[in-house]
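Comments concern the structure below.
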Amino acid sequence: MAIVSLQRVQKSYGGKVVLRNLSLDLHPTEKVGLVGANGCGKTTLFKMLVGLEQPDHGELTTSRGLKIAYLPQEPTLDSQATLIEAVGEAFAWNRRAEADLAELGRRIAAAHGTPDEARLLEDYDRLHAAFEAAGGYDFEIRIREVLGGLGFGPEEYERPVGVLSGGQKCRAALARLLLTPADLLLLDEPTNHLDIAATTWLEEFLGSFPGAAVIISHDRYLLDRVAAKIIEVESGQATVYPGNYTNYALAKRIRRLEAVREYEKQSAFLAHQRDYIARTHAAKDSAKQARARRKMLDRMEARGEILDKPDAERPAMKLKFSQSARAGDMVLRCEKACKQFGDLVLIRDLDFEMTRGEKVGIIGPNGVGKTTLLRMLLGQTPPTAGKVRLFESLTVGYYDQEHRDLDPDLTVLEAVRRERPDMSEAMARSFLALFLFRGDDVFQNVVTLSGGEQSRVLLARLVANSPQVLVLDEPTNHLDIPAREALEEALALFPGSALIVSHDRYFLDKVAQRLLVLVERGRHEFVTGNWSVYAAILAERRQAQRAADLRERDRRRAEAAKRAAPGSGAPKKKSRSRYAAQRLQELEARIEAVETELKEMEAGFVDPAVLRDAERSRKLHEKYNVRREELTKLIAEWERCVDGMET
């Protein structure tokens with residue numbers, strides 16, 4: 000049964016139709032990716048679901064008592080509250096209930112032996128049952144778990160929200176939303192300010208979330224891992240595709256090819272019939288057949304069987320990087336390069352060379368120093384120690400993720416012609432059309448543009464300069480999926496070198512040949528290959544760590560068994576020793592079984608069949624988290640048991 004149903008919904012703004020006869024259903028527990036071009040109505044749909052907008056026509060129904068939690072792209076938080084207070088607003092009821100339980104406890108103590116005692120005890124039991132059902136006293140632990148998963152450290156918990164960066168505020172709002180009791184989560188670009196580790200954590204959270212979730216996102220990797228259904232909003236209507244993003248992309252391509260083929264086949268048939276009718280309707284021997292064919296066409300039209308011409312594919316950005324001149328073999332060299340601010344070391348002993356044609360991705364947690372590294376490599380800030388050399392006479396194109404290089408007072412046309420004054424206005428306008436700025440679009444001021452539009456202006460300026468080396472700081476942040484795909488194709492064909500900071504794993508898989516990983520401040524490593532290669536390395540390391548943990552556990556087991564053997568030390572109470580030894584065996588057997596199960600599930604995480612099936616992936620993550628929690632408790636009990644035998 001659907002928890003949300005929209006039937007033939009329409010919504011317009013100032014005469015512009017945004018949603019037209021849109022129908023869709025959402026069901027309990029399903030995870031849905033909502034995709035479509037910027038401005039197609041995805042955010043409008045979210046606002047209708049939470050009651051911020053009403054449909055002009057059609058019907059929107061929700062199941063009784065449905066709790067919806069909505070994360071807009073620009074959420075708000077109390078700037079005076081600390082981080083942990085602001086996020087803890089999700090548990091406002093729990094905090095009130097905790098205080099009410101304490102007050103009831105005091106009143107029960109004061110009413111002991113009076114007629115009010117029984118009534119107060121009933122009130123306490125009723126409130127305590129509701130409190131436990133809502134998570135009880137675990138809410139403080141859950142707040143810290145979610146903050147940690149989204150990249151906040153304990154030292155940040157007491158910082159006022161007002162001093163946080165824009166990205167940190169968005170992460171805090173996401174944390175609050177994920178902790179809010181809800182049956183349906185509506186997430187609008189939740190990964191915008193997350194690094195790869197936090198995005199991976201979010202995927203696991205959503206995979207084990209018991210309710211439904213609808214996610215607007217340009218993160219194709221996330222949509223592949225989380226979504227079991229994709230809903231595309233196009234031309235004001237919704238089309239449902241079962242499966243994840245990869246399945247959707249393939250199915251849409253096939254559906255379009257089939258629609259075009261069927262339309263062309265029917266068009267040829269209709270043209271033949273109409274030609275026959277035109278040629279023979281006046282002839283005595285064939286007029287009857289001509290009339291029959293005309294009636295057939297009339298019936299087809301009356302029944303709505305005449306196919307409409309499939310909509311043209313939405314125009315995509317077209318870009319191609321070319322070099323003004325061929326660069327030398329060596330592009331960049333670092334020798335023991337270091338960068339620190341006071342006692343804060345960001346980069347330590349970096350030895351790095353980049354040659355012509357290489358595409359190097361730079362990844363790492365938020366705040367680790369990725370942008371600082373780029374500025375050091377570009378010569379915008381000197382190394383504290385060591386050497387950095389960007390070889391002379393190279394034309395470098397730099398993409399600043401903050402768009403600081405764009406003068407907000409210029410028009411789009413002026414922003415490009417300032418870089419290329421040799422371009423005539425007509426040439427510049429034709430050039431900008433490749434980046435989807437057509438007609439009067441080129442006269443818009445940069446300050447009025449959306450983030451995605453500003454990104455396209457920056458890319459246009461890069462292409463216009465014909466650089467030999469590209470240095471890109473989060474180039475996909477504001478781009479929709481078609482624009483990301485266009486950039487991927489252009490970089491794949493670019494004959495020069497590229498140094499790219501990105502948290503888009505799908506993009507890194509398509510573009511990067513090598514990774515420079517800033518693991519933490521002052522520590523880095525290199526990986527030959529793209530993100531998927533590095534992800535496999537991380538999985539192997541986790542397995543190696545688990546094996547090391549097993550060896551350590553076996554060592555402690557052996558020591559405990561040796562101490563428990565007859566004559567191995569001071570006498571112990573036989574009953575306690577016998578029980579402890581028996582319980583130890585039971586725990587060890589269960590620990591071994593759970594560890595084996597976890598290892599099998601970890602193998603499933605990288606199984607292509609599982610990755611393609613979002614529902615299987617979700618259930619696997621859910622089961623994995625339950626078993627991992629069980630293992631933690633078993634090991635804790637095992638250690639207590641060993642410690643008890645040692646004393």
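Residue numbering for the sequence shown follows numbering that gives the first Met the number 0, starting at 0 and increasing by one per position.
Every residue, glycine too, gets a C-beta built ideally from N, C-alpha and C.
Handout entry: Leu668 and Leu51 closer than 9 Å at C-beta
Key = One cannot answer for residue 668 here, as it falls past the ends of the chain, which runs 0 to 646.
Problem - Host alpha helix (DSSP H) of Ser423 (start-end) - result: No alpha helix (DSSP H) contains Ser423, which DSSP labels as neither H nor E.
Practice task
Taking Asp159 as the reference, give the member of Ala129, Gly165, Val232, Thr81 with the closest Cα.
Solution key: Here residue 159 is Pro; the residue named in the question, Asp, does not match the sequence. Of the candidates Ala129, Gly165, Val232, Thr81, the one whose C-alpha sits nearest the C-alpha of Pro159 is Thr81.
Problem - C-alpha distance - Arg63 paired with Thr179, whole-angstrom precision - result: One Cα belongs to Arg63, the other to Thr179, and the distance between them is close to 18 Å.
Exercise for the section: Would you identify the three-state DSSP class for Leu107, choosing helix, strand or coil? Expected result: The identity of residue 107 in the sequence shown is Ile, whereas the question assumes Leu. Here DSSP, grouped into helix, strand and coil, assigns Ile107 to helix.
Exercise for the section: State the beta-bridge partners of Leu515 as determined by DSSP. Expected result: Paired residues: Ile361, Phe525.
Problem - Which listed residue (Pro71, Lys66, Glu84, Leu256) has its alpha carbon closest to that of Leu670 - result: Here the chain covers residues 0 to 646 and nothing more, so residue 670 does not appear.
Handout entry: Which of helix, strand or coil DSSP assigns to Pro241
Key = In this structure, DSSP gives Pro241 an extended state, which the three-state scheme calls strand.
Problem - Boundaries of the beta strand (DSSP E) in which Gly385 is found, first to last residue - result: Secondary structure note for Gly385: its beta strand (DSSP E) is the uninterrupted segment 384–389.
Handout entry: Neighbourhood of Val532 by C-beta distance below 7 Å, restricted to the same chain and skipping five residues each side
Key = Cβ-Cβ distances below 7 Å link Val532 to Val526 in the same chain, with the five nearest sequence neighbours on each side left out; the list follows chain order.
Exercise for the section: Give the straight-line distance between the Cα atoms of Pro570 and Glu621, rounded to the nearest whole angstrom. Expected result: Residue placement at Pro570 cannot be trusted, given a pLDDT of 46 that sits under 50; what the coordinates show is reported in the next sentence. Straight-line Cα distance between these residues: approximately 46 Å.
Handout entry: Element boundaries [alpha helix (DSSP H), containing Val86]
Key = 82–86 is the extent of the alpha helix (DSSP H) around Val86.
Handout entry: Beta-carbon gap between Arg175 and Val49 smaller than 9 Å
Key = Cβ distance not < 9 Å, so Arg175 and Val49 don't count as in contact.
Problem - Rounded separation between Lys573 and Ile2 - CA only - result: In this prediction, Lys573 scores a pLDDT of 44, lower than 50, which makes its location untrustworthy; the coordinate-derived value is nonetheless stated afterwards. Whole-angstrom Cα-Cα distance: 60 Å.
Problem - Three-state class that DSSP yields for Val510 in the structure shown - result: The answer is helix: DSSP assigns Val510 an H, G or I state.
Exercise for the section: Please report how far the alpha carbon of Ala534 lies from the alpha carbon of Val516, in whole angstroms. Expected result: Straight-line Cα distance between these residues: approximately 12 Å.
Handout entry: Closest Cα partner of Ile305 within the set Met295, Pro314, Ala311
Key = Of all alpha-carbon atoms in Met295, Pro314, Ala311, the one lying nearest the alpha-carbon of Ile305 is that of Met295.
Problem - Val162 classed as buried or exposed, judged by whether at least 16 other C-beta atoms fall within 10 angstroms - result: The Cβ neighbour count for Val162, taken over all protein chains shown within 10 Å, is under 16; the residue is labelled exposed.
Practice task
Going by CA-CA distance only, name the one from Arg552, Arg541, Glu558, Arg555 that's closest to Leu597.
Solution key: It is Arg541 whose Cα lies nearest to the Cα of Leu597.
Problem - Thr370: first and last residue of the uninterrupted alpha helix (DSSP H) it sits in - result: Where Thr370 is concerned, the enclosing alpha helix (DSSP H) stretches over 369–376.
Handout entry: Contact the stretch 229–245 vs the stretch 256–276: 3+ CB pairs below 8 Å
Key = Under the Cβ criterion (8 Å, minimum of three pairs), the stretch 229–245 does not count as touching the stretch 256–276.
Handout entry: DSSP-derived helix/strand/coil call for Ile142
Key = Correct three-state label for Ile142: helix.
Problem - Collapsed DSSP secondary structure at Thr179 in the structure displayed - result: In the displayed model, Thr179 falls within coil according to three-state DSSP, outside both helix and strand.
Problem - Delimiting residues of the beta strand (DSSP E) encompassing Gln339 - result: First-last of the beta strand (DSSP E) with Gln339: 329–340.
Problem - Collapsed DSSP secondary structure at Lys228 in the structure displayed - result: DSSP places Lys228 in strand when its eight states are reduced to three.
Problem - Unbroken beta strand (DSSP E) run spanning Ile214, endpoints - result: Where Ile214 is concerned, the enclosing beta strand (DSSP E) stretches over 211–215.
Practice task
Determine contact between the stretch 189–206 and the stretch 94–112, defined as no fewer than three beta-carbon pairs at a distance below 8 Å.
Solution key: Not touching, per the Cβ criterion.
Exercise for the section: Can you tell me which of Glu638, Tyr397, Gln453 puts its alpha carbon nearest to the alpha carbon of Asp408? Expected result: The shortest Cα separation from Asp408 among Glu638, Tyr397, Gln453 belongs to Gln453.
Problem - Secondary structure of Gln9, DSSP reduced to three states - result: Looking at Gln9 - three-state DSSP - the assignment turns out to be strand.
Practice task
Please name the residue, chosen from Gly112, Asp328, Leu586, Ala336, that lies closest to Leu393 on a Cα-to-Cα basis.
Solution key: When Gly112, Asp328, Leu586, Ala336 are compared, the shortest CA-CA separation from Leu393 is found for Asp328.
Problem - Within-9 Å CB hit, Trp92 to chain D - result: Of the protein chains in this structure there is only one, and it is not chain D.
Problem - Through-space distance from Ala547 to Phe436, alpha-carbon basis - result: Approximately 57 Å between the Cα atoms of the pair.
Exercise for the section: Reducing DSSP to helix, strand and coil, say where Gln79 ends up. Expected result: Coil.
Exercise for the section: Under 7 Å Cβ to Cβ from Tyr12, same chain only, skipping five residues before and after it: list those, please. Expected result: Excluding residues up to 5 positions away in sequence, nothing lies with its Cβ nearer than 7 Å to the Cβ of Tyr12 in the same chain.
Practice task
From the DSSP output, read off the bridge partner residues of Leu349.
Solution key: Paired residues: Ala336.
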